[in-house]
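Quick note on this note's numbering: the sequence shown kicks off at 4 and runs consecutively.
What follows is a short report on a single structure.
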Amino acid sequence: MIRNFRRWWMTPALHGPDDTAKRVTWLELFYDLVFVVVISRLAHHLGMHPDVGGLQSLVLLFVPVWWVWVSGTYYNERFETFDLSFRFFTFLQMLAVAAIAATAEDGTGRTVQGFALSYAFARLILTLMWWRAGRHNASVRPVTNVYVAGFTVSIALWILSAFVPGPATPLATTLRVLGLLIELGVPLLTLRHQRQVFLGSARKLPERFGLFVIIVLGESLVGVTNGLADTEIFSGTVLLRFFLGMLVGFGLWWVYFDNIGRREPRSQAGSLTLLFWVYLHLPLVMGIAAVGAMLAHVVGLPVAELHGGAEEGVRWLLAGGFALSYLCMAGLEPTLEPEEPVLVPLLVSVSLRVATALVALLLPLLHVALPWMLAGLVALHLVHMIVGVRAWFASDHAGRNDVH
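Listed below in structure tokens is the structure:
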């Protein structure tokens, strides 16, 4: 009986350097669906508040959501098991993230207390999982003990922020931001020990992060579709904006997955390069989410429906999200394993992406109509598409069947 129970309820075991399995499981894909809901609600809130306040809310709410996903993903990378215990803890995480989704849209206002407690619950589950991993794997305790200590402090700050007088006050916000900074900084304290105990390469991280980018890119499709659905009178102009909006989202997919997503990071555990690769995905997906949220306005909603100076906010959030995405891709490329043969020299590709970001930020200053801004962003995409395609067909890859 005990032997059977241990097969159903296994203890977490560290994956060794020979474990190179990279297949994402159906459970991980199902788990990601909860984050689809969260991101959709956050993007919808930004779409309804295209201003500084809306952007501030997006940052304050998106960072903890992303951190929950990253923490769970990194735990799975090292200690994933195929038993009832793993499914049990995954279900608890999904419950917590569903609660985060239910409170996310007004998570800095009316439902701030619920959001804070939901996030604390999600972090508590993950911290318990890291503690359990250290308990059954003595070699990783130099890492897990630091994780558990730092994450516990952050959880306490988040719970405290929910019960201080006025949970939406600057004091409560400061407590939550401090908790997030502690959590984001904890991995930096363990880099030396990670290099010693996590000997395996990045098994599924590239694919997992690529899937999260796909989730956020889905918001561009939602934004374009909602914009078209909310249009009362269809015309050639509306269909043109719909077409251009789809191209903006498609171009972000093209440039990321042709240059970043199909390549693996320099995978030595505990390296600053790998950590930089992980953390740079945060502003990347926030930028993509901002683009998706603004597309509904540009494609279909009459500008007259935007209150006050919201049209200017739409311009800057659209261009800013686009520029931020390209800047992050420029920063990500040096963190990747070198290609053989090199398609585009690193200095050329990074310079081109930085230049693209700067040009995108100039578009709001021209005060052109929003559809023309879409056309300008599509033109910037086309530069990278053309450079990439020309380099591809000029290389040895062109004769192979490794189409992505």
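The C-beta atom is built at its ideal place from N, Cα and C for all residues, glycine as well.
Note that the coordinates shown come from a computational prediction; the quantities given were computed from them, not determined experimentally.
ILE218 counts as buried, since no fewer than 16 other beta carbons sit within 10 angstroms of its beta carbon.
Judged by beta-carbon spacing, GLY323 lies within the 9 angstroms limit of LEU364, meaning their Cβ atoms are closer than that value.
The three-state reading of DSSP puts LEU17 in coil, since its state is none of H, G, I, E or B. Per DSSP, the unbroken alpha helix (DSSP H) holding SER352 starts and ends at 349 to 369.
Contact check for PRO67 and LEU183: beta-carbon distance about 6 angstroms, within the 8 angstroms limit, so the pair qualifies. Taking a contact to require three or more Cβ pairs closer than 8 angstroms, the stretch 96 to 105 and the stretch 326 to 344 do not qualify as touching. Closest by C-alpha distance to PHE94, out of THR106, GLY226, PHE124 and ASN229, is PHE124.
Residue nearest to PHE82 within the set ARG138, ARG126, TRP395 and VAL386 is ARG138 (criterion: CA-CA distance).
About 15 angstroms separates the beta carbon of LEU214 from that of GLU267, a gap too long to meet the 8 angstroms contact definition.
At the C-beta level, VAL251 and HIS384 come within 9 angstroms of one another.
If you draw a straight line from the Cα of LEU129 to the Cα of TYR77, it is about 11 angstroms long.
For the pair LEU49 and LEU58, the CB atoms are nearer than the 9 angstroms cut-off. In this structure the stretch 226 to 237 does not touch the stretch 104 to 112; the number of beta carbon pairs closer than 8 angstroms is below three.
Per the DSSP secondary-structure output, PRO268 pairs in a beta bridge with LEU339. Spanning the alpha carbons of VAL347 and ARG269 requires a straight line of approximately 18 angstroms. Residue environment: ALA165 is assigned as buried (16 or more neighbouring CB atoms within 10 Å of its CB, all protein chains considered). Counting C-beta pairs closer than 8 angstroms gives fewer than three between the stretch 148 to 167 and the stretch 38 to 46, which falls short of the contact rule.
ALA293 and THR193 have their C-alpha atoms spaced approximately 33 angstroms apart. Around the CB of HIS300, 16 or more other CB atoms lie within 10 Å, so the residue is classed as buried.
DSSP places PHE82 within a helical segment (H, G or I) once states are collapsed to three.
Sequence-distant partners of ALA175 (beyond 5 residues in either direction) whose C-beta falls short of 6 angstroms from its own C-beta, in its chain, are SER164 and VAL167.
Per DSSP, reduced to three states, the secondary structure at ALA125 is helical.
With respect to PRO173, GLN116 sits apart: the two C-beta atoms are not nearer than 9 angstroms. Excluding five sequence positions before and after MET249, the CB atoms of its chain that fall closer than 7 angstroms to its own CB belong to VAL227, given in chain order. According to the DSSP assignment, PRO170 belongs to no alpha helix (DSSP H), since it is labelled neither H nor E.
Between the alpha carbons of ALA326 and GLY188 lies a gap of roughly 26 angstroms. The Cβ-Cβ distance between ALA360 and LEU247 does not fall below 9 angstroms.
If the five residues before and after MET289 are omitted, its C-beta is found closer than 6 angstroms to the C-beta atoms of PHE65, all from its own chain and listed in chain order. About 26 angstroms separates the beta carbons of ALA119 and GLY295, which is beyond the 8 angstroms limit, so they are not a contact pair. Following the DSSP letters along the chain, one finds ALA104 inside the alpha helix (DSSP H) bounded by residues 87 to 107.
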